[in-house]
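Protein chains in written order, with our numbering: chain A, 52 to 413; chain B, 554 to 914.
Here is the structure:
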């Protein structure tokens, strides 16, 4: 950690990261806008983590997964089933197993990771665009299953989950700052773990599998196993975010994992850029800024409509922004940022997954 | 391998012989299903087979368009579902405009032209939208599959939101205009009767037979087009080796555009057919995108025969799952039928990673 050996870009990035970290740490303590800390920043942490699992799989595994939102929602639903209690004063839906919230938390994360491993094993012989199609079907199947199976969810989902937090978080509504700091801590944990994983022998092998599956296989690496484990790890990250979201929102329903939500998570990841982990949180932050501040009364300069385009809603605008980003800079904001510096650029995510090298090995 | 085979055999035996209807006192067991076994209640069984076939026909029409585009250009057209939805609403508006009957039409008030013209308006509209998308955004990204998929996702978000903002326009008094509410297209009057099959006393809707007929016609038409015409040969050559085809002096970009437009028009045809049988409402874009994806993943990426096989398998699994899963207890197990779709995908991918008819798998 000797700053004198850093490149200009590293100096700038690490400076910005340090300042951002200090700001988000002191934000609630300094008494700044609680709307920001309890809505925009908290959502940024939670969804940024879910988006980070997508970016991890895409950047290091060559697998663009659209199942992350489904896994995220499954974790919340599983937690709700394990933790909530039935009977008078309890929530109406779910199995009401009434476990201790900490045990339920561990159970939800373990079960969701196992779901990820199963789903990963089924899809593991595919990569790139095939992986995207298969995981999209997972996500849609999850929505219909949750909607139909009234025992565990039903269309209204499970409510009142925010009443079942471990003691160290307490009542989310009474002490929202605790959830804020927990989410911040988990986010930092997730970031550090991803950075660590990609440097381990497993992470290096995963990148080898991403670039040259056939060569990796002929060197003796088990390609489907690496992909499956990576997908399981992605599910683990999504599960962390999903349980936090369940506490934050209080209710998890199939509507939280449906196609528009799946696409929203993808939009966050793409806005940030599918090549760098940090981009996930940048993308989530930009997304929630827009979602919270662009209303029907917003006047968008140049185009001149009152926030609604051709009569559409926020989705039309976010669709146009998404389209513009994909057309102009497929690597998202992090790609644009990288172009500001004259350093050697990383290979582009879009081209990497398009290369024939990521065709299934068999 | 043997476990999978055993599961499949068990499913067949269960449906054919084991399943029983609930007893008189309502007692249930693992054998209890809604209809009972095929031996026990052949007419219900036959109806479900026909239902599956007619659903498979609609699936095939929509998914063959998706498969055509994917097979030739490697473009995963994520906007296929949105195009489906847009076509359904356009056809609805045209039919309402022609008949002027307001919200709920009876079949007897619709003649053949009032069903065909909406189709003939909707299909070219979708063709234009698809053509513009292909030329403006996809053509210069050829080969960058992920970027193209992301572009089509962006287009699908925009189109789906615009549909909610602008459709349905033509609604009866007291019904909410716009907002993407569910509306019905209507089959022409002559299809609104039941055909006596003389098998087990089954009376079956003529409209669904028409649907199966359209599905078969589309399949035969696509086969003739792809295997008996010059355009089809060029398309198949393009699927095999795009660079070699264009090196032989063939305008592959023109071929791409033709295939893309045809694929989009098939989405429109499927929308008109299925919306006449069921309805059209916002949110179905995701459902039909899923349907197309499952069909193409199961059947094999980008093959017309694969699309047919995938459509039939998917339709049978979906319909039989909903009809023949045990109804033990109050809420088990028919609601788990969606999971069977996952089981189907998992089984196929476990043995054929590129789908049943996919090449190189």
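Backbone N, C-alpha and C define an ideal beta-carbon position, used for all residues, glycine too. Everything numeric in this text was worked out from a predicted model, so none of it was measured.
Rounded distance between the beta-carbons of residue j and residue i, thought under 8 angstroms
i                     : j                     : result
residue 611 (chain B) : residue 827 (chain B) : 4 angstroms
residue 586 (chain B) : residue 877 (chain B) : 5 angstroms
residue 339 (chain A) : residue 94 (chain A)  : 5 angstroms
residue 619 (chain B) : residue 816 (chain B) : 7 angstroms
residue 288 (chain A) : residue 103 (chain A) : 6 angstroms
residue 633 (chain B) : residue 845 (chain B) : 5 angstroms
Residue i, buried or exposed, once every other Cβ within 10 Å from all chains shown has been counted against 16
i                     : result
residue 558 (chain B) : exposed
residue 403 (chain A) : Here residue 403 (chain A) scores only 41 on pLDDT, less than 50, and its place in the model should not be relied on; the value that follows carries that caveat. So residue 403 (chain A) ends up on the buried side.
residue 527 (chain B) : This structure cannot speak to residue 527 (chain B), because chain B is shown only from 554 to 914.
residue 780 (chain B) : exposed
residue 67 (chain A)  : exposed
residue 182 (chain A) : buried
residue 841 (chain B) : buried
residue 747 (chain B) : exposed
residue 562 (chain B) : exposed
residue 132 (chain A) : buried
residue 701 (chain B) : buried
residue 73 (chain A)  : exposed
residue 964 (chain B) : Because chain B is modelled from 554 through 914, residue 964 (chain B) falls outside the range shown and cannot be assessed.
residue 567 (chain B) : buried
residue 220 (chain A) : buried
residue 355 (chain A) : For residue 355 (chain A), the predicted model reports a pLDDT of 47, less than 50, meaning its position is unreliable and no value from the coordinates is stated.
residue 689 (chain B) : exposed
residue 357 (chain A) : The pLDDT assigned to residue 357 (chain A) is 47, lower than 50, so where the model puts this residue is not dependable, and the model offers no usable value.
residue 195 (chain A) : buried
residue 797 (chain B) : exposed
residue 851 (chain B) : buried
Residue i - DSSP class collapsed to helix/strand/coil
i                     : result
residue 901 (chain B) : helix
residue 209 (chain A) : strand
residue 729 (chain B) : coil
residue 796 (chain B) : helix
residue 413 (chain A) : Unreliable positioning characterises residue 413 (chain A) in this predicted model, as indicated by a pLDDT of 40, which lies under 50. The coordinate reading is nonetheless provided below. Coil.
residue 428 (chain A) : Here chain A comprises residues numbered 52 to 413, so residue 428 (chain A) is not present and cannot be evaluated.
residue 747 (chain B) : strand
residue 758 (chain B) : strand
residue 803 (chain B) : coil
residue 328 (chain A) : coil
residue 371 (chain A) : helix
residue 519 (chain B) : Absent from the model: residue 519 (chain B). The displayed extent of chain B is 554 to 914, so no value can be given.
residue 601 (chain B) : helix
residue 357 (chain A) : Low per-residue confidence applies at residue 357 (chain A): pLDDT is 47, beneath 50, and the placement is therefore not dependable, though the value from the model is reported in the following sentence. In this structure, residue 357 (chain A) counts as coil in the three-state DSSP scheme.
residue 736 (chain B) : strand
residue 833 (chain B) : strand
Contact set between residue i and chain A, taken where Cβ atoms lie within less than 7 angstroms
i                     : result
residue 891 (chain B) : 192, 195, 196, 199
residue 894 (chain B) : 192
residue 899 (chain B) : 173
residue 843 (chain B) : 188, 191
Neighbouring residues, chain B, relative to residue i (Cβ below 9 angstroms)
i                     : result
residue 128 (chain A) : Correct list: empty, because the minimum Cβ distance to chain B is about 14 angstroms.
residue 107 (chain A) : Under the 9 angstroms cutoff, chain B gives no residues; its nearest Cβ is about 16 angstroms from residue 107 (chain A).
Under 8 angstroms by beta carbon: chain B residues contacting residue i
i                     : result
residue 183 (chain A) : 629, 699, 702
residue 364 (chain A) : 714, 717, 718
residue 305 (chain A) : Result: empty, since nearest Cβ-Cβ is about 11 angstroms, beyond 8 angstroms.
residue 373 (chain A) : 703, 706, 707, 710
Cβ-heavy atom distance, residue i to the ligand MG, below 8 angstroms
i                     : result
residue 597 (chain B) : As presented, the structure is devoid of all ligands, the ligand MG included, so that no description of it is given.
Neighbouring residues, chain B, relative to residue i (Cβ below 7 angstroms)
i                     : result
residue 310 (chain A) : 839
residue 337 (chain A) : Per Cβ cutoff of 7 angstroms: no residues; residue 337 (chain A) is ~16 angstroms from chain B at best.
residue 314 (chain A) : 706, 710
residue 370 (chain A) : 707, 710, 711, 714
Neighbouring residues, chain A, relative to residue i (Cβ below 8 angstroms)
i                     : result
residue 690 (chain B) : 374, 378
residue 902 (chain B) : 173, 174, 176, 177, 185
Interface partners of residue i on chain A, CB under 9 angstroms
i                     : result
residue 909 (chain B) : None at all; the shortest Cβ gap to chain A is about 15 angstroms.
Original post:
Taking three-plus beta-carbon pairs below 8 angstroms as touching, is the segment 102-117 of chain A in contact with the segment 281-299 of chain A?
Top reply: Taking a cut-off of 8 angstroms for Cβ pairs, the segment 102-117 of chain A and the segment 281-299 of chain A touch, as three or more such pairs fall below it.
Original post:
Does the segment 169-184 of chain A come close enough to the segment 86-105 of chain A to have 3 or more Cβ pairs within less than 8 angstroms?
Top reply: No, they do not touch.
**OP:** Please confirm if the segment 199-219 of chain A is in contact with the segment 145-152 of chain A, defined as three or more CB-CB distances below 8 angstroms between the two stretches.
**Re:** Because the criterion of three Cβ pairs below 8 angstroms is met, the segment 199-219 of chain A and the segment 145-152 of chain A touch.
Subject >> Validate contact between the segment 54-68 of chain A and the segment 252-266 of chain A using beta carbons, cut 8 angstroms, 3 pairs >> reply: The segment 54-68 of chain A vs the segment 252-266 of chain A: no contact.
Original post:
Quick check: the segment 70-81 of chain A against the segment 223-236 of chain A, are there 3 or more CB pairs under 8 angstroms?
Top reply: Contact holds: three or more Cβ-Cβ distances are below 8 angstroms.
Original post:
Counting pairs of Cβ atoms below 8 angstroms between the segment 782-795 of chain B and the segment 805-815 of chain B, do you hit three or more?
Top reply: Enough Cβ pairs lie closer than 8 angstroms, so yes.
Original post:
Are at least three pairs of beta-carbons, each pair with one atom in the segment 266-276 of chain A and one in the segment 150-163 of chain A, less than 8 angstroms apart?
Top reply: No, because fewer than three Cβ pairs between the segment 266-276 of chain A and the segment 150-163 of chain A fall closer than 8 angstroms, the two stretches do not touch.
Subject >> Segment contact flag, the segment 630-644 of chain B with the segment 706-725 of chain B, C-beta cutoff 8 angstroms, min 3 pairs >> reply: Contact holds: three or more Cβ-Cβ distances are below 8 angstroms.
Original post:
Any residues in the segment 846-857 of chain B with a beta carbon nearer than 9 angstroms to a beta carbon of chain E? Which ones, in chain order?
Top reply: No chain E appears in this structure, whose protein chains are A and B.
Original post:
Are the segment 116-127 of chain A and the segment 301-316 of chain A touching, with three or more C-beta to C-beta distances below 8 angstroms?
Top reply: Verdict: yes, contact present.
Original post:
Should the segment 641-649 of chain B be regarded as contacting the segment 857-870 of chain B, the criterion being three or more beta carbon pairs within less than 8 angstroms?
Top reply: With the rule of 3 Cβ pairs closer than 8 angstroms, the segment 641-649 of chain B does not count as touching the segment 857-870 of chain B.
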